[in-house]
Amino acid sequence: MSFNLNSGDSIPLIGFGTWQLQGTELIRNTLDFALAAGYRLIDTAAIYRNEEDIGKALKELLPKYNLTRKDIFITTKLSPLEDNADNAYSALEQSLKRLDCEYVDLYLIHHPGVLGKKNTVEFNSKLRDGKWQQLVKAKKNGLTKNIGVSNYNVRHLEELLKNDHGVKPSVNQVQWHPKSHPDELLNLCKQSGVLLQAWGSLGGTGHGDLLLDDPEVKKISEKLGKTPAQVLLKWALQQNLGIIPKASSKNHIEDNMNLDFSIPEEDMNTLNNMKQTSDIWERLSVI
Ligand SMILES: NC(=O)c1ccc[n+]([C@@H]2O[C@H](COP(=O)([O-])OP(=O)(O)OC[C@H]3O[C@@H](n4cnc5c(N)ncnc54)[C@H](OP(=O)(O)O)[C@@H]3O)[C@@H](O)[C@H]2O)c1
Numbered sequence: 001m002s003f004n005l006n007s008g009d010s011i012p013l014i015g016f017g018t019w020q021l022q023g024t025e026l027i028r029n030t031l032d033f034a035l036a037a038g039y040r041l042i043d044t045a046a047i048y049r050n051e052e053d054i055g056k057a058l059k060e061l062l063p064k065y066n067l068t069r070k071d072i073f074i075t076t077k078l079s080p081l082e083d084n085a086d087n088a089y090s091a092l093e094q095s096l097k098r099l100d101c102e103y104v105d106l107y108l109i110h111h112p113g114v115l116g117k118k119n120t121v122e123f124n125s126k127l128r129d130g131k132w133q134q135l136v137k138a139k140k141n142g143l144t145k146n147i148g149v150s151n152y153n154v155r156h157l158e159e160l161l162k163n164d165h166g167v168k169p170s171v172n173q174v175q176w177h178p179k180s181h182p183d184e185l186l187n188l189c190k191q192s193g194v195l196l197q198a199w200g201s202l203g204g205t206g207h208g209d210l211l212l213d214d215p216e217v218k219k220i221s222e223k224l225g226k227t228p229a230q231v232l233l234k235w236a237l238q239q240n241l242g243i244i245p246k247a248s249s250k251n252h253i254e255d256n257m258n259l260d261f262s263i264p265e266e267d268m269n270t271l272n273n274m275k276q277t278s279d280i281w282e283r284l285s286v287i
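What follows is the structure, encoded as structure tokens:
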């Protein structure tokens, strides 16, 4: 399953998340399972500190699956700690070096502010604009096929769409699951041709049990004969959103790719109407 981005490129709707996957052997083994299961999108970031191991693993594994670089979609992200817009271009050059690639398929501004710093809204707005100009230049120079953003709320995205320096964002990657889905953001993405790509579909690394053990999710999963993870991922996929679940075991990696079923409307409604408990949107609103 794929989606046509506003740039004309195609992106797989199911990808493999790699946050907190670290170490040469673990990366090699999980990517081996992922490629065997059919994943063709790999989501990483400078701050995950695994780009180098991903680059090494792909060099070894692509030939094993008769694949070449162009069969794989690689996303990486500008560090959310970056507080100088002028560094954005060279940060991508460094990511490319670590990934041992000539280009990435998608480069994202990881965060609308600077993680851990309480800058003013005006400062952050200027910084975002400066970073975007660098990304536009990087796309023009072929370092990345597509550019986009992450963790942008409606205000951040509207601001960028009004002043996009000639290139619209292709993707907005945000926390998105039945307990975290501000629908006005999805409407804005759809109206503007921006793909909403969900992170944390299972509730997030380290606290996945919040959603995977939810009684309503479990009830639907039992009714459909699918796992809670499959229900949560299909909920997003059925709405034509991108998903990038992270998993470290072969079983989970395969499970998360096996989404060839549909969720009946009444169960979609139950999931859509779950209480919104994530506080991320409130935190993003002051950035
Ligand atoms: N842009 C951003 O700011 C941002 C933020 C967070 C994440 N991301 C990206 O999005 C990806 C996904 O988000 P995430 O890693 O936070 O969390 P997630 O995909 O929602 O959840 C991952 C957790 O769920 C478990 N899991 C995976 N498949 C499962 C299954 N079939 N059954 C039961 N448990 C399962 C994993 O355990 P095991 O590892 O033990 O399998 C892991 O603990 C990240 O890896 C990263 O690439 C982006």
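According to my numbering, the sequence shown holds residues 1 to 287 in order. We treat Cβ as the ideally placed atom computed from N, Cα and C, and that holds for glycine.
The C-beta distance from P169 to I287 rounds to 17 Å, too long to meet the 8 Å contact threshold. In this structure, L202 places its C-beta atom within 8 Å of the C-beta atom of P245.
Closest option to G200, judged by alpha-carbon separation, among V194, L210, S7: L210.
Short note on S201: C-beta closer than 7 Å to some heavy atom of ligand 1. For N172, the CB stays at least 7 Å from every heavy atom of ligand 1. Rounded to whole angstroms, the separation of the alpha carbons of T144 and Y103 is 5 Å. For Q173, the secondary structure class from DSSP, reduced to helix, strand or coil, is strand. Counted as a single uninterrupted DSSP element, the alpha helix (DSSP H) harbouring Y89 occupies residues 88-99. From the listed residues V149, R283, L195, the smallest Cα separation to L13 is found for L195. No Cβ-Cβ contact shorter than 8 Å links L259 with L241. For V136, the enclosing alpha helix (DSSP H) covers residues 121-140. Taking N50 as the centre and dropping the five residues before and after it, the same chain places the C-beta of T18, L21, Q22, I27, T44 closer than 7 Å to its C-beta, in chain order.
About 6 Å separates the beta carbons of V171 and L106, which is inside the 8 Å limit, making them a contact pair.
When the alpha-carbon of V136 is set against those of A236, T227, A37, L160, the nearest one is in L160.
Rounded to whole angstroms, the Cβ separation of H177 and A198 is 7 Å, and the two are in contact under 8 Å. Look at the beta carbons and you see the segment 212-220 not touching the segment 183-192: under three pairs across the two are nearer than 8 Å. Residue nearest to R128 within the set D71, Y152, K118, K139 is Y152 (criterion: CA-CA distance). When only Cα atoms are considered, V231 and M1 end up about 17 Å apart.
A Cβ-Cβ distance of about 15 Å is found for the pair K179 and Q239, leaving them out of contact under the 8 Å criterion.
Cβ-Cβ distances below 6 Å link I42 to F16, I74 in the same chain, with the five nearest sequence neighbours on each side left out; the list follows chain order. Bounds of the beta strand (DSSP E) holding I109 are 104-109.
According to the DSSP assignment, I42 belongs to the beta strand (DSSP E) that extends over 41-43. Between L157 and Q173, the alpha-carbon positions lie close to 11 Å from each other. The beta carbons of L99 and G148 sit about 17 Å from each other, so the pair does not count as a contact at 8 Å. Per the C-alpha coordinates, the member of A36, Y39, E25, F33 positioned closest to D53 is E25. The beta carbon of H252 sits closer than 7 Å to at least one heavy atom of ligand 1.
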